[in-house]
Amino acid sequence: MYLILLPILFPILAGVCLLVCRKDLSRKLLTVTTGTCLVITGALAITALTRVKQDFTLFYLTRTLPVYFHIDQISILFSLLTVIVFLCAGFFSFAYMKHEQKEKRYYGYYLMAFGVLNGLCFAGNLITFYLFFELLTLSSFPLVLHTGSKEAIMAGLKYLFYSLCGAYASLFGIYFLCQNCDTLTFTAGGVLQVSAASKDGSFFLFLAFMMILGFGVKAGMFPMHAWLPTAHPAAPAPASATLSAVIVKAGVLALIRVIYYIFGADFIRGTWVQTTWLALALVTVFMGSMLAYREPVLKKRLAYSTVSQLSYILFGLAVMNEEAFTGSLLHVLAHGFIKGTLFLTAGAIIYTTGKTKVDELRGIGKEMPLTMWCYTIVSLGLIGIPPTGGFVSKWYLAIGGLAGDIGIFRYLGPAILLVSALLTAGYLLPLTIRGFFPGTDYDYQTLQKREPCPLMTIPILFMTILSVLIGLFPTVIVDTLTDFVSTLI
Amino acid sequence: MGPNLLVNYGEAVAAILFCIGFTNLLLQTNLIKKIIGLNIMDSAIYLFLAEKGYIAGRAAPIVTNGVTSVEAYINPIPSGLVLTGIVVSVSVSALMLSLTIRLYLRYHTLNLDEIAAQLKKEGR
Amino acid sequence: MIICIILIPLLAGILVPVLPFRKRSHKEIFLEGAVILNSILVWYLLLHHSESTFLLAHFTGDLNISFRVDGMSMVFAGLVSGLWPFATLYAFEYMTKEEHENTFFLFYTMTYGITLGIALAANLLTMYFFYELLTLVTVPLVMHTLTREAILASRKYLYYSLGGAAFAFIGLIMVIVYGTTTDFILGGVLDPGKIGDKNNILLLIYVMAFMGFGVKAAVCPFNSWLPQAGVAPTPVTALLHAVAVVKSGAFAIIRLTYYSFGTEFLYGTWAQTTVIIVVMFTIVYGCSRALKETHIKRRLAYSTISNLSYILFGAVIMTPLGLTGALTHLVFHAVMKISSFFCAGAIMHQTDKRYVHELNGLGYKMPCVFGIFTVSSLALMGVPGLAGFISKWNLAGAAVNSRNSLAYAGIACLLLSALLTAIYMLSIVVRAFFPGKDFDDGPIQNVHDPNWKMLLPLFVFTVFIIIFGLHSQPIVDFFYDVATGVY
Amino acid sequence: MDFVCNFPFFSILLSLFSGTICSILPGRAAKVVNRIVIAAVGVMSGILLVYLLGTGESFVYWMGHFPAPWGNEIRAGVLEAGMALFFCIIMYLSMAGGAHKLFDEVEESKHNLYYILINLLLSSLLALVYTNDMFTAYVFVEINTISACGLIMIRQVGRTIEAAVRYMIMSLLGSGLLLFGLCIMYDLTGHLLMSNIKESVSVLIQTGEYQIPLIVSVALMCVGLCIKSALFPFHAWLPDAYGYSTVSSAAILSSLVSKGYIFLLIKIIYRVIGFDIFNNTRIIDVLFVFGLMGMIFGSLSAIKENDIRRMIAFSSVAQIGYIYMGFGMGTQAGMVASIFHILSHAATKSLLFIAAIGLTEVSGGSRKFIDLTGAGYRNKWAGVAFTAGSLSMVGVPLFSGFISKLLFAQAAVQVEGKMLAALIVLGISTVLNAIYFMKTVIRIYAVTGDTSYPCITFKDMKVHAVVLVLFVIVNILLGVSSQPVVNMIEQGLAMFA
């Protein structure tokens with residue numbers, strides 16, 4: 036029973052202990068402790084995941100508001116992603132954080148964010164979810180402003196306030212839902228009372244829209260995406276990796292939970308809300324890619340890329356049919372691993388060379404071949420070239436889009452996805468090209484092997500492999516997903 | 003009331019005189035003129051009273067040659083009132099005049115506005 | 005018994021300058037003893053209250069000064085008596101740095117009695133009476149430092165409060181003339197037979213009286229005294245200008261709305277609409293001003309303005325649920341805000357810093373204070389699991405339940421305000437804990453947490469914030485009972 | 193007829209004669225005589241009040257046993273006796289409280305003159321209160337004016353003389369109008385005794401004759417008395433007169449003299465014209481409007497004022513506005529409220545004047561606010577008393593001001609049409625009162641760096657302090673146990689009819 040609590044509470048408590056502890060731990064001790072905690076948490080989470088369908092009410096906030104945990108397939112999916120990315124990025128940061136200060140603080144918040152994310156995945160009703168959603172914001176913004184430069188602090192605050200803004204917009208909806216739903220427990224197909232839906236239908240559509248916008252902030256959806264490109268470059272690379280790979284996915288998870296488990300897809304389908312949502316998602320996809328294309332700073336470019344890619348997922352959710360939904364879930368995984376890898380490689384590059392702009396990185400492929408190979412492979416994945424994970428997910432998304440009953444977006448959607456894929460190639464590959472083909476005037480004399488230490492390369496490699504594996508064996512995942520996806524649609 | 007005033011011209015005159023006196027008392031800046039206004043005002047009222055008390059063809063209410071019949075005399079009360087009023091008026095006028103003298107000694111002017119201006123200059 | 009608990013603090017206060025205390029600690033023990041004794045008596049009284057009314061004196065005609073314990077009084081008196089001992093303890097430590105200690109404690113302790121008088125008043129006149137006294141007793145506290153700023157602040161405070169009372173007074177008159185009695189009866193005492201066709205006038209008077217009492221509750225546009233009054237010593241700002249005085253305003257409005265005019269009379273009228281709009285505006289206005297303010301205490305004061313209007317927002321929804329929400333926030337906000345004010349006071353006491361931009365890096369020097377400040381900030385924002393979430397939840401729930409579209413907009417205001425709260429509170433926290441890369445902690449090397457007299461109250465409040473956040477059901481049930489007239 | 197019934201006559205004569213006696217006494221003896229007379233009159237009024245409360249009806253005293261309508265009459269009811277008693281108390285306290293200041297401000301040789309004026313003033317006030325004859329009333333109005341004028345100018349500086357002249361001019365305008373109105377009334381009715389006039393007036397009203405002259409006459413009398421009692425906008429003379437005369441004079445003038453005129457107006461309304469007839473004229477509306485304006489503008493002027501005495505004087509303008517507003521409501525309740533306010537204001541305003549002098553004394557004699565800073569610490573008694581008076585003025589419960597506000601508001605609510613205006617102005621006026629009085633209170637409790645002024649302790653000013661305490665007690669008594677007073681007023685008004 037209480038097992039479900041462990042992966043949530045253990046890292047949070049560990050993190051708090053780290054933060055509160057006043058003594059300056061030696062670097063080694065700190066690394067070992069944090070590492071152990073990470074591994075233990077991962078193990079606990081996976082153990083908890085094996086007990087599917089388990090549910091557990093911790094206590095009641097008020098009579099109608101239980102703090103309730105429940106594990107279903109969606110939880111498993113997101114939780115797995117979380118565990119893997121957090122472990123990889125965690126180990127990466129042991130090496131990376133050498134050149135940052137106040138590591139203890141960083142690890143403390145890192146662990147807390149981990150626990151909170153687990154809680155978010157396991158949350159069984161809207162209130163519990165909201166609780167962890169807020170906590171996630173609060174525990175992750177210190178990661179963003181960790182470096183302590185003025186820009187980082189401003190970025191952190193920007194992230195904080197955008198997120199809170201989104202959270203409160205959705206809280207607006209929650210207030211109303213609470214009184215018009217039989218329960219706030221996540222139930223496939225929605226829990227909105229029929230009477231309320233029929234009587235104040237338009238108002239509840241408005242609420243749904245508010246909540247989409249609100250949670251969409253976290254997922255970087257236009258028009259509230261501006262925090263993302265600021266926050267990512269400011270944060271330390273492993274933090275950006277988790278941020279981009281997992282934490283923004285919390286927004287996606289939130290939208291899945293709200294739309295499919297609270298309102299019910301049927302309530303939204305065919306309304307103006309769906310149309311607007313689709314439009315916003317597509318705008319974001321295109322805009323994100325364009326901005327990334329024009330961006331010279333590597334991490335910022337990746338951040339824009341995240342904006343764009345997340346809206347692929349949102350597009351899939353907004354289409355509301357099985358294929359698109361499956362595609363979205365696949366893209367969650369694929370993008371998680373890919374973007375994680377990309378940020379980690381960017382981190383490795385910054386760590387070794389200290390350069391941040393794409394133009395400065397000529398010949399980097401010669402210096403750090405392994406890292407750059409990983410970079411190239413996952414880039415191809417993100418563009419959507421088979422046999423990587425990105426191809427499969429985009430395939431499903433496109434099919435779903437074409438099959439969807441969504442008017443003009445039926446064609447527009449896949450078209451934009453394609454254009455965006457081209458742009459993706461346009462902004463990711465130049466680094467590969469420059470890195471491996473520095474041109475004739477490149478001075479090979481200065482070249483030196485600067486491959487980072489294994490603590491960095493192994494996580495990168497591991498995640499690269501995972502992203503390829505998803506592409507190679509998508510059916511395993513798709514099969515497990517199909518069953519329960521059909522219950523949602 | 004209009005026709006009545008025309009018939010009772012005595013009262014009308016009294017009222018007009020009263021107004022003249024009143025305006026003078028109120029608006030003149032010269033203190034002496036003010037006092038004159040005061041006296042006009044008071045006298046107007048006495049005129050009014052006397053007019054009220056007078057009954058045509060009768061004598062003043064002083065028993066002269068043994069006629070004690072009420073019909074022979076005018077109403078004595080207004081006359082009494084007038085007398086009292088005059089006493090009051092005289093004393094008030096006296097007080098005003100004495101005040102005026104004091105002010106004049108101090109400020110060498112009878113103009114109330116100028117006195118006020120000088121007072122302001124004194125600052126207290 | 006009832007009169008006793010009002011008199012004990014008054015007497016204790018008067019005795020402070022009179023008695024010859026040889027040592028400061030004797031005085032502290034005496035005062036703390038008196039306050040705690042009184043609080044115990046209050047709680048005893050609240051728990052063993054009888055329905056009967058205690059008549060102190062006839063005033064004029066059928067107006068009288070009398071006391072009674074009912075649900076509302078239990079809430080307010082319980083709150084006040086719960087906070088006062090801690091605040092006094094805190095004040096001992098804080099006042100070591102200030103002058104005229106005796107005068108301070110004289111009025112500070114007297115205020116306790118007066119506030120209880122407001123809480124326990126059985127009719128509108130008695131409440132009005134103590135309400136005015138409260139103004140008078142607290143003025144010396146505001147002008148305590150006797151600086152020019154303090155004088156101006158106390159002047160403004162007086163003008164506003166007395167002026168407000170003047171308009172509240174008109175409401176009192178209305179209730180006297182058009183009501184069956186001035187006693188507080190849930191549901192109102194207006195006599196429809198007497199009202200006749202004067203509905204609109206009465207509503208207008210209600211709005212005026214609302215604004216009148218609203219002066220103390222810092223309703224916009226009558227709020228500017230509150231931030232200015234922040235020049236007072238922190239125990240005053242914290243306890244009086246976050247709890248006792250301003251909550252008296254809110255309390256009085258609740259009494260006026262629910263117990264005198266009656267919600268039945270007001271519900272759905274233009275008067276309700278007006279006051280809701282005013283309250284909503286205040287919520288947003290207070291927060292926006294807090295955002296612009298860089299003086300810590302003034303920032304918190306603006307925050308108080310906004311939060312007080314949360315309470316009023318609940319109150320003017322005019323349903324039992326609304327009242328429940330209002331009461332919840334009345335109590336919870338008191339704990340949260342007093343906690344954050346005490347933190348601000350501790351900072352000022354330890355470091356003499358009073359502007360937000362001076363706080364860089366203090367978080368590591370005073371971890372307890374800033375930790376607690378963080379908790380209270382989060383609570384004020386309404387993070388689930390802390391007290392603020394519950395009260396906002398109840399308020400919003402009531403608004404949703406009222407099916408009043410204006411109240412829906414009110415929810416939006418609440419949330420907007422929550423966001424702004426987050427910005428102005430967390431920017432302090434972030435500054436304190438994340439001072440930036442090039443931060444030099446040399447100048448604040450010797451700063452440390454204050455001693456136990458300051459920390460104990462802080463910890464207790466924090467514990468309550470968390471307890472209220474996690475397990476609020478019993479107390480919210482109690483509020484609901486109060487709102488529906490069970491007590 | 194009981195012996196007690198002679199008391200009104202006795203008190204008038206006593207004070208009148210003692211005035212004459214004072215002219216040949218030295219200053220100190222005159223002072224003693226004056227005090228004794230005031231006390232004696234007070235005692236007599238008290239006994240009379242008790243007697244009247246016992247019998248429950250008013251009586252008429254024929255001067256020289258000439259019956260109506262020829263003789264001159266004195267009439268005493270509960271209200272008259274109560275008013276006389278109250279006037280005596282206030283006058284005694286004011287005299288006692290301001291006595292020490294008198295020596296500084298008035299030449300030694302003129303002290304006995306001062307007491308003559310006071311005694312004359314007392315007698316004229318008593319006569320105004322008791323008389324049943326219109327013309328007698330007029331004569332005593334003039335005596336009152338003359339003695340008040342003397343009180344103002346007894347302190348021989350330019351300001352006071354000028355103020356006295358202005359006061360005289362306005363008063364004479366007022367009494368001229370009063371006299372003219374009175375003559376018209378006499379013309380219409382043929383009577384001078386109030387009760388007889390009233391009978392004739394009601395006959396006139398029933399027959400519908402002479403309506404316009406009647407109204408003109410009433411209006412003239414009202415305007416005359418309004419001018420004399422400084423109703424806005426006829427208040428221009430007031431601030432100087434109250435602000436610069438010696439403190440006892442100011443206290444007495446503001447709290448008693450103007451109240452005497454107002455009381456006469458009340459008598460005219462009730463006993464000459466008849467309450468209902470008066471209410472049916474448009475005059476009450478005019479009074480109401482001017483009352484409201486007075487409340488506002490008086491306070492506004494007070495706010496602008498930079499001199500504590502003048503500020504208090506302007507505050508009187510506002511308070512007189514309250515009283516006329518009560519008249520203007522045209523209800524019994526409004527009238528009760530007004531009469532209560534006469535008492536309350538008299539008690540408070542004289543307290544304020546006396547306390548203010550205590551404050552200015554410790555500030556180098558300056559009355560400017562800037563010099564008064566911190567005066568409350570230097571003279572604790574005066575500071576506390578001033579605070580109490582201010583609170584009463586603002587209408588804080590426990591003090592008399594609250595009760596009058598309460599009564600006014602309750603009265604206002606019962607008047608259709610005037611309710612809202614009255615209530616709102618009442619509220620605004622309270623705010624304004626709060627502004628200028630609280631400004632002062634805070635000022636006297638603020639601290640300056642400059643502490644060159646001496647402190648005064650209880651020993652230095654025993655009498656002053658005791659007087660202040662007594663004033664505060666009177667004030668609180670009125671505020672706390674107002675019900676008997678209100679009952680008495682109601683009873684007295686009932687006796688008027």
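Protein chains in written order, with the numbering used here: chain R, 36 to 524; chain P, 3 to 126; chain V, 5 to 491; chain X, 193 to 689. Idealized CB from N, CA, C, for every residue including glycine. For clarity, every value in this text was computed on a predicted model and none was experimentally measured.
Does the beta carbon of V/LYS220 come closer than 7 Å to any beta carbon on chain R? The residue given as residue 220 of chain V occupies position 216 in the third sequence. Chain R contact via Cβ: absent.
For the alpha helix (DSSP H) containing X/MET736, name the first residue and the last one. Outside the displayed span of chain X (193 to 689) sits residue 736 of chain X, for which this structure offers no information.
If you follow the alpha helix (DSSP H) that V/ALA170 is in, where does it begin and where does it stop? Counted from its first residue, the third sequence places residue 170 of chain V at position 166. Looking at the DSSP string, the run of the alpha helix (DSSP H) that includes V/ALA170 is 152-182.
Anything in the stretch 242-271 of chain V with a Cβ closer than 7 Å to a Cβ of chain X? List those residues in chain order, please. none
Tell me the DSSP bridge mates of R/PRO101? For the purposes of this step, residue 101 of chain R is taken as the residue at position 66 of the first sequence. Paired residue(s): R/TYR95.
Please identify the residue among R/MET403, R/ILE373 and R/ILE385 whose C-alpha is closest to the C-alpha of R/GLY419. The sequence position of residue 419 of chain R within the first sequence is 384, counting from 1. Taking only the C-alpha atoms, the option nearest R/GLY419 is R/ILE373.
Neighbour list for X/ILE338 in chain P, Cβ cutoff strictly below 8 Å: Residue numbering aside, residue 338 of chain X sits at position 146 when the fourth sequence is read from its first letter. Neighbours of X/ILE338 on chain P, chain order: SER93, VAL94 and LEU97.
When the Cα of R/VAL308 is compared with those of R/GLY154, R/LEU352 and R/THR515, which residue comes out closest? Along the first sequence, one-based indexing puts residue 308 of chain R at 273. Checked all of R/GLY154, R/LEU352 and R/THR515; the closest Cα to R/VAL308 is R/LEU352.
Closer than 7 Å to chain X by CB, P/LYS54: Numbered from 1 along the second sequence, position 52 holds the residue referred to as residue 54 of chain P. Yes - at least one Cβ of chain X is within 7 Å of the one on P/LYS54.
When DSSP labels each residue in this structure, what does R/ALA269 get in the three-state scheme? One-based indexing of the first sequence puts residue 269 of chain R at position 234. Correct three-state label for R/ALA269: helix.
Closest to R/ILE451 by CA distance: which of R/PRO509, R/LYS334 and R/GLY323 is it? Counting from one through the first sequence, the residue named residue 451 of chain R turns up at place 416. Looking at the Cα atoms, R/GLY323 is the closest of the given residues.
Reference V/MET340, options V/THR184, V/SER395 and V/THR267, closest by Cα: Within the third sequence, numbered from 1, the residue matching residue 340 of chain V stands at position 336. The shortest C-alpha separation from V/MET340 is found at V/SER395.
Below 8 Å, can you find three or more Cβ-Cβ pairs linking the stretch 673-689 of chain X to the stretch 308-325 of chain X? no
Starting from the C-beta of X/GLU497, find all residues in its chain whose C-beta is less than 7 Å away, skip the five residues before and the five after it, and write them out in chain order. For the purposes of this step, residue 497 of chain X is taken as the residue at position 305 of the fourth sequence. Within the same chain, X/GLU497 has close Cβ partners MET503 and PHE506.
Which residues in chain P sit within 9 Å of X/MET694, going by Cβ to Cβ distance? This structure gives no information on residue 694 of chain X, because the portion of chain X shown stretches from 193 to 689.
The stretch 325-338 of chain R in contact with the stretch 260-267 of chain R per 3-pair CB rule at 8 Å: yes
Give the residues of chain P in contact with X/GLU334, contact being defined as C-beta atoms less than 7 Å apart. Numbered from 1 along the fourth sequence, position 142 holds the residue referred to as residue 334 of chain X. What X/GLU334 touches in chain P: VAL90 and VAL94.
Any beta-carbon of chain X closer than 7 Å to the one on V/GLY167? Counted from its first residue, the third sequence places residue 167 of chain V at position 163. V/GLY167 counts as touching chain X.
Is any beta-carbon of chain X found at less than 7 Å from that of P/MET3? Sequence index remark: in the second sequence, residue 3 of chain P carries index 1 (1-based). The pLDDT assigned to P/MET3 is 45, lower than 50, so where the model puts this residue is not dependable; a value taken from the coordinates is nonetheless given after this. Yes, because at least one Cβ of chain X sits closer than 7 Å to the Cβ of P/MET3.
Counting only runs of 4+ residues fully inside the stretch 383-453 of chain X, write out the alpha helix (DSSP H) ranges in chain order. 386-399, 403-420, 430-436 and 439-444
Can you tell me which of the three DSSP states V/LEU60 falls into? Walking along the third sequence from the start, residue 60 of chain V turns up at place 56. In the structure shown, V/LEU60 sits in a strand (DSSP, three-state: E or B).
Taking CB distances under 7 Å as the criterion, tell me whether P/ILE47 reaches chain X. Position 45 of the second sequence, counting from 1, holds the residue named residue 47 of chain P. Yes, because at least one Cβ of chain X sits closer than 7 Å to the Cβ of P/ILE47.
Should V/TRP274 be labelled buried (16 or more other beta-carbon atoms within 10 Å of its own) or exposed? The residue labelled residue 274 of chain V in the question sits at position 270 within the third sequence. V/TRP274 is exposed by the Cβ-count criterion.
Have a look at P/SER45, P/PRO80 and P/ALA96 and flag the residue whose alpha-carbon is nearest the alpha-carbon of P/TYR56. Residue mapping note: residue 56 of chain P aligns to position 54 of the second sequence, counting from 1. Cα-wise, what sits closest to P/TYR56 is P/PRO80.
Roughly how many whole angstroms lie between the Cα atoms of R/PHE149 and R/ALA124? For the purposes of this step, residue 149 of chain R is taken as residue 114 along the first sequence, with counting starting at 1. For the purposes of this step, residue 124 of chain R is taken as residue 89 along the first sequence, with counting starting at 1. Using only the alpha carbons, I get a separation of about 11 Å.
Roughly how many whole angstroms lie between the Cα atoms of X/LEU385 and X/LYS459? Taking the first residue of the fourth sequence as 1, we reach residue 385 of chain X at position 193. Taking the first residue of the fourth sequence as 1, we reach residue 459 of chain X at position 267. The straight-line gap from Cα to Cα measures roughly 12 Å.
Give the residues from the stretch 331-342 of chain V that approach chain R closer than 8 Å (Cβ to any Cβ), ordered along the chain. none
For the candidate residues R/THR380, R/VAL354, R/VAL511 and R/LEU417, whose alpha-carbon lies nearest to that of R/MET403? The residue labelled residue 403 of chain R in the question sits at position 368 within the first sequence. The shortest Cα separation from R/MET403 among R/THR380, R/VAL354, R/VAL511 and R/LEU417 belongs to R/THR380.
Backbone secondary structure at X/ILE344 - three-state DSSP: Along the fourth sequence, one-based indexing puts residue 344 of chain X at 152. Three-state result, X/ILE344: helix.
X/LEU624 versus V/PHE269, V/PHE71, V/HIS53 and V/TYR163, residue with shortest Cα-Cα distance: As a working mapping, residue 624 of chain X is identified with position 432 in the fourth sequence. Nearest of V/PHE269, V/PHE71, V/HIS53 and V/TYR163 to X/LEU624, Cα basis: V/TYR163.
Start and end residues, alpha helix (DSSP H) containing R/SER230: Within the first sequence, residue 230 of chain R is the residue found at index 195, counting from 1. Taken as a continuous stretch (DSSP letters only), the alpha helix (DSSP H) holding R/SER230 covers 229-234.
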